[in-house]
Structures are given as C-alpha cells and as structure tokens.
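Take the position in the sequence shown, starting the count at 1, then add 565; the result is the number in my numbering.
Note that CB positions come from ideal geometry on N, CA and C, so glycine has one too.
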Amino acid sequence: MSERRKFSRVNFQGICSLVFDKKTEHHDFEASLIDISLKGALISINPLIIDLEEEPVQLHLGLEGSDIELLLNGFVCHQQEKLLGVQFTKLSIDTISHLKRLIELNLGDNESMKREFAELIEQHINEISNK
Numbered sequence: 566m567s568e569r570r571k572f573s574r575v576n577f578q579g580i581c582s583l584v585f586d587k588k589t590e591h592h593d594f595e596a597s598l599i600d601i602s603l604k605g606a607l608i609s610i611n612p613l614i615i616d617l618e619e620e621p622v623q624l625h626l627g628l629e630g631s632d633i634e635l636l637l638n639g640f641v642c643h644q645q646e647k648l649l650g651v652q653f654t655k656l657s658i659d660t661i662s663h664l665k666r667l668i669e670l671n672l673g674d675n676e677s678m679k680r681e682f683a684e685l686i687e688q689h690i691n692e693i694s695n696k
C-alpha cells in the first residue's frame with residue numbers, strides 16, 4: 566500500500582552542508598540538495614561512508630542571491646547509497662517562514678501551500694498536546 570505525501574516536494578538544486586556528531590566526533594559534509602518540502606529534504610552526499618539512519622543532523626542551506634542561511638534541524642529517516650532523506654524537527658519561526666516562501670515560489674500554487682502550512686501547524690500542535 567502506498568502512502569500519499571501530505572507535503573509537496575519541489576525540485577530545488579543547491580549546495581548545502583550536513584552537520585552531525587557521531588560517536589563524539591563532529592562531521593561537516595558538503596551535500597547537494599535534490600528536493601525539499603515543509604517536512605523534509607532529499608540530499609546527496611558523495612561519498613557517504615557511514616550509516617546515518619536515525620541520526621540527528623542539521624542541514625545548512627544558503628539561499629542563492631541572498632545572505633539568508635536556513636538551519637534545518639532534523640534526523641535521517643532513510644538512507645540509500647549516497648541519498649539521505651532528512652525529516653525536519655524543531656524549526657525556528659524565521660526558518661519555517663523562509664522555507665514556506667521558498668517552496669511557495671517554486672510550487673506556484675499558493676492555495677496548496679496554505680493548506681500544507683495549516684497541516685504542518687496542526688501536526689505541531691498535536692505533537693505538543695500529546696507530550
């Protein structure tokens with residue numbers, strides 16, 4: 566059974582860096598962003614030599630033509646060869662606002678973006694109330 570995505574992914578090519586700590590060692594890899602949504606991103610790291618599945622990470626994404634850098638906290642939810650799926654957690658208001666605008670501009674559908682943003686807020690409220 567296939568699960569339908571609730572959040573639209575947009576192709577967004579760019580250079581980013583992936584920062585994580587593994588066994589008390591700090592790592593910072595240059596990576597390529599393949600696509601992004603309000604809930605996560607798909608990135609490519611070459612070469613990827615360690616298993617990062619379920620590891621907490623921080624994705625640093627500079628927006629071309631501006632001095633804005635998004636700091637996206639999350640964890641690696643899947644890994645296949647050099648591809649990593651990162652699910653975002655604990656994003657700041659500024660970061661989520663910039664991310665929303667970036668996706669909105671690339672999606673070209675403001676109504677879909679409004680629905681997805683409302684869904685994200687609802688999920689966040691449910692997570693808080695279930696703690």
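Residue 572 carries a coil assignment under DSSP once its states are collapsed to helix, strand and coil. Between the segment 595 to 610 and the segment 570 to 580, the count of C-beta pairs closer than 8 angstroms reaches three or more; the two stretches touch. If one requires a minimum length of 3 residues, the beta strand (DSSP E) runs lying completely within the segment 621 to 689 are 621 to 627, 634 to 645, 648 to 653, in chain order.
By the beta-carbon neighbour count (other beta carbons within 10 angstroms, threshold 16), residue 636 is exposed. Residue pairing by DSSP places residue 601 opposite 575, 606 in a beta bridge. Excluding residues up to 5 positions away in sequence, 603 lie with their Cβ nearer than 6 angstroms to the Cβ of residue 685 in the same chain. With contacts defined as CB atoms closer than 8 angstroms, residue 620 and residue 585 qualify as a contacting pair.
Measuring C-alpha to C-alpha distances from residue 628 to each of 663, 615, 607 identifies 663 as the nearest. Rounded to whole angstroms, the gap between the alpha carbons of residue 642 and residue 630 is 30 angstroms. Contact check for residue 581 against residue 626 passes: the beta carbons are separated by less than 8 angstroms. Cβ-Cβ distances below 8 angstroms link residue 634 to 625, 626, 627, 628 in the same chain, with the five nearest sequence neighbours on each side left out; the list follows chain order.
About 14 angstroms separates the CB atoms of residue 596 and residue 615; that is not less than 8 angstroms, and the two are not in contact.
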